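Chemist: Numbering (my numbering), first residue to last: 29 to 152.
Handing you a structure now.
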């Protein structure tokens, strides 16, 4: 529904309301990251700052491309949630429709988000 980021920590489902995210910070700049620096993973890391800047969700992706895809996608969703305009409204714009609804676009996004290892060969 484009309102929550949902993930699992162990077997517990966790979620973060996207409208509560104040900013996305690329790299390892939060206090939590600085306590456990992994400089070799700097370019594949980012943080979601929420709860009026008091909390962060710190994430490390498998590579730089995946991090860039997540950051871009989350920025769009957060922007949409703050403007109360669902991402599905993009489908009314002809140029975006082919990107949003095409099989190649879907498989490319799935691969970039690390959800499919073999999707790259289908997205070309």
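Ideal Cβ positions, reconstructed from N, Cα and C, are used throughout, including at glycine.
As the structure is a prediction and not an experimental result, all values here were calculated from the model.
Return the chain-ordered ranges of every beta strand (DSSP E) run that is complete within the segment 77 to 111 and spans a minimum of 3 residues.
Modeler: Counting only runs of 3 or more, we get 83 to 88.
Chemist: Assuming residue 162 and residue 53 are in contact, meaning their beta carbons sit under 8 Å apart, how far apart are those beta carbons, in whole angstroms?
Modeler: The structure shown does not extend to residue 162, since the chain is modelled only from 29 to 152, so the question has no answer here.
Chemist: When burial is assigned at 16 or more other CB atoms within 10 Å of the CB, is residue 126 buried or exposed?
Modeler: At residue 126, the pLDDT of 39 sits below 50, so the modelled position is not reliable and the matter cannot be decided from this model.
Chemist: Between the C-alpha atoms of residue 30 and residue 46, what's the straight-line distance to the nearest angstrom?
Modeler: 8 Å
Chemist: Quick check on the DSSP output: what are the complete beta strand (DSSP E) runs of length 3 or more inside the segment 31 to 80, in order along the chain?
Modeler: 32 to 37, 40 to 45, 49 to 54, 73 to 78
Chemist: Determine contact between the segment 55 to 73 and the segment 31 to 38, defined as no fewer than three beta-carbon pairs at a distance below 8 Å.
Modeler: Taking a cut-off of 8 Å for Cβ pairs, the segment 55 to 73 and the segment 31 to 38 do not touch, as fewer than three such pairs fall below it.
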